[in-house]
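This note's numbering runs 133 ahead of the 1-based position in the sequence shown. For reference, the structure discussed in these notes is given below.
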Amino acid sequence: MRIGIILYPTYGGSGIVATELGCALAVRGHEVHFFSTARPFRLPAFQENVYFHEVPVVGYDLFENTPYTLTLASTLHNCVKMYGLDVLHSHYAIPHATAAYLAREMHGGLPPVITTCHGTDVTLVGAHPAYAPVVKFTLEQSNAVTAVSHDLARETRENIGYTGHTNVIYNFIDTEAYKRDLCVMRRDWLAPTDEPIILHISNFRPVKRIPDIISAFSKVRQNVKAKLVLVGDGPERSIAELQVRQLGLQGEVRFLGKQTGLIDLLSVGDIYLLPSNKESFGLSALEAMSCEMPVVGYDVGGLPEVVIKNETGFLHPVGDIDGLAASALKLVEDTELRRAMGSAGRRRAQEVFHIDSIIPQYEKLYTDTLRETEAKCRGRSTSDTSA
Ligand code: GMT
């Protein structure tokens with residue numbers, strides 16, 4: 134098939150999932166066209182069957198903000214005509230699905246639009262009254278809608294009022310790529326006396342509750358030696374650095390900023406912390422599990438569909454910093470428990486979220502949706518002629 138994938142290029146789960154999905158589809162022989170304002174950061178240097186289309190952001194003196202939805206719709210329209218795309222797959226509803234809908238309508242109802250809701254496009258920004266009506270309309274107009282967890286499918290109904298069918302297709306992982314590699318990085322650079330390493334990776338937005346991580350770590354440190362390694366960057370980083378200074382933990386907490394060699398870092402981490410306010414799935418938790426790390430976080434959104442409580446990690450009510458600290462401490466102190474939960478996490482990643490079992494679910498959705506949409510268009514043109 135010829136598949137158009139619309140995505141955000143920067144750090145963020147939806148862009149990662151979209152990029153890895155497209156690359157996997159290309160390996161399976163599909164022609165994949167990525168659409169974004171910049172080259173997605175996880176896109177490899179060159180791959181057969183992969184095309185990248187940079188969406189222009191065209192300003193004008195009159196515009197206070199550039200209407201990216203429109204340039205995206207035009208780019209999609211041009212490429213549908215030029216390359217004969219069979220489906221347009223939008224990752225993150227705002228505004229990608231709306232632009233894809235426009236492109237489809239400009240082209241007489243084909244190719245079908247498949248919208249994948251990833252998280253805050255439904256639970257946070259998408260639920261804002263400024264966006265909710267257009268998100269609802271666009272989901273209703275999509276030829277198929279998917280969500281990355283059952284909980285997000287529920288939120289799509291309850292928050293947005295979308296009553297159509299939502300296909301739940303979980304995010305996936307290549308467990309052969311995401312596996313602990315012992316010789317990649319000197320662990321003692323981060324933990325000079327072989328202390329357990331507690332790891333967190335994110336874009337440091339308020340939803341990730343970085344201050345809870347630091348407070349919980351501070352409680353752990355009152356009892357045992359451990360190191361906290363924070364990877365990524367974003368609006369909460371400087372507040373977090375201040376909190377670390379105020380707690381006198383400068384020697385124990387390392388901020389590494391944005392990194393690309395995540396598997397190296399996941400290979401030296403011992404416990405993964407993810408205490409978000411909202412988490413429709415928690416891709417980074419899955420990456421950690423695939424690298425045999427138990428996950429400690431909050432019991433929210435789709436995270437309990439990924440992390441099995443007391444088996445592959447511990448989940449606590451939002452804001453329960455004492456609970457987070459107690460679970461992290463238990464895992465720091467009990468190497469056997471850590472190993473057992475880490476192995477259970479990797480097994481779960483292989484059995485439930487393996488790339489080879491998830492990609493065919495998207496392929497089937499594409500072919501089914503294309504067939505149904507073509508039939509609908511044929512039906513429409515027959516009734517037009519007979520009218
Ligand atoms: O929704 C966001 O905050 C951003 C979004 C993204 O585009 O990076 O992340 C969401 O999508 C990921 C991939 O499906 C999920 O693993 C994350 O759980 C989800 N984030 C939230 O729900 C906060």
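Here a beta-carbon is modelled for each residue, glycine too, at the ideal position from N, C-alpha and C. Small disclaimer: the values here were computed from a predicted structure and weren't measured.
For residue i, which residues of its own chain have a beta-carbon under 6 Å away from its beta-carbon, when the five flanking residues on both sides are left out?
i, result
"S169", "L140, P142"
"A206", "A232, L235, A236"
"H333", "I346, L363, L406"
"R320", "V401"
"T256", "E288, K411"
"A171", "P142"
"Y295", "K269, L272, T289"
"K463", "none"
"A260", "N292"
Along the chain, where does the alpha helix (DSSP H) containing residue i start, and where does it finish?
i, result
"K352", "343 to 354"
"V357", "Where V357 is concerned, there is no enclosing alpha helix (DSSP H), given that its DSSP letter is neither H nor E."
"K269", "265 to 274"
"A324", "A324 -> no alpha helix (DSSP H), and no H or E assigned at all."
"S423", "416 to 423"
Please work out which residues of its chain come closer than 7 Å, Cβ to Cβ, to residue i, disregarding the five sequence neighbours upstream and downstream, and give them in chain order.
i, result
"V377", "I347, Q383, V386"
"V439", "F414, G415, A418, L419"
"Y391", "The sequence shown places Lys at residue 391, rather than the Tyr named in the question. Y144, G365, D366."
"I330", "L323, A324, K360, V362, V401, G402, D403"
"Q180", "C156, A159"
"Y225", "Y141, S147, H251, D254"
"I149", "R175, L416"
"V451", "N410, Y431, V433"
"K442", "L448"
"E374", "F388"
"R481", "M422, I441, T445"
"P173", "L140, P142, G148, T152, F167"
Select from the options the residue whose C-alpha is nearest the C-alpha of residue i.
i, options, result
"A324", "L361, G252, A461", "L361"
"V267", "Q355, I343, V278, I293", "I293"
"H487", "T308, T256, R290", "T308"
"R521", "A310, S516, Y499, T271", "No answer is possible for residue 521: it lies beyond the span of the chain, which begins at 134 and ends at 520."
"N211", "D194, P189, H163", "P189"
"A461", "V357, L389, D432", "V357"
"T248", "C510, K463, E197, Y495", "Y495"
"L203", "R472, L195, V191", "V191"
"A230", "T279, F196, L195", "T279"
"T502", "D219, D321, E412, G137", "D219"
"I454", "G512, R480, V353", "V353"
"Y216", "G137, D321, S423", "G137"
"F350", "T296, V429, T289, P177", "V429"
"E328", "E466, S514, Y184", "E466"
"S282", "P437, R319, A458, I396", "P437"
"L380", "Q355, L470, T393, L395", "Q355"
"L182", "H166, T393, K341, T152", "Looking at the sequence shown, residue 182 is not Leu but Asn. Nearest C-alpha to N182: H166."
"N300", "N198, R471, T326, A286", "A286"
"G475", "R511, M426, G435, G512", "M426"
"E238", "H261, K214, A260", "K214"
"A265", "D194, I227, S490", "I227"
"E164", "A178, F185, P177", "F185"
List the residues that DSSP assigns as beta-bridge partners of residue i.
i, result
"T279", "T249, N300"
"K442", "G446"
"I149", "Bridge partners of I149: none, in fact."
"H333", "L363"
"I306", "H487"
"Y405", "L332, V428"
Go through its chain and collect everything with a Cβ distance to residue i's Cβ below 8 Å, but skip five positions before and after it.
i, result
"P339", "P368, E369, N410"
"T506", "G242, L243, P244, P245, N276"
"I492", "L154, A157, L158, R161, F305"
"I372", "I343, P344"
"Y311", "I396, L399, E420, S423, C424, A482"
"C510", "G241, G242, L243"
Over the uninterrupted beta strand (DSSP E) stretch that includes residue i, give me the two end residues.
i, result
"R135", "135 to 139"
"G390", "386 to 390"
"L361", "360 to 364"
"V377", "From DSSP, V377 is part of no beta strand (DSSP E) but of the alpha helix (DSSP H) over 370 to 379."
"F168", "164 to 169"
"I396", "From DSSP, I396 is part of no beta strand (DSSP E) but of the alpha helix (DSSP H) over 395 to 401."
What do you reckon, is the C-beta of residue i under 7 Å from a heavy atom of the ligand MN?
i, result
"A508", "The ligand MN is absent from the structure shown, which contains only the ligand GMT."
Taking only beta-carbon atoms, is residue i less than 8 Å away from chain D?
i, result
"A286", "Included in the structure is just one protein chain, with no chain D present."
Entirely enclosed beta strand (DSSP E) segments - the segment 428 to 508, minimum 3 residues: 428 to 431, 446 to 449
Return the chain-ordered ranges of every beta strand (DSSP E) run that is complete within the segment 164 to 229 and spans a minimum of 3 residues. 164 to 169, 183 to 187, 220 to 224
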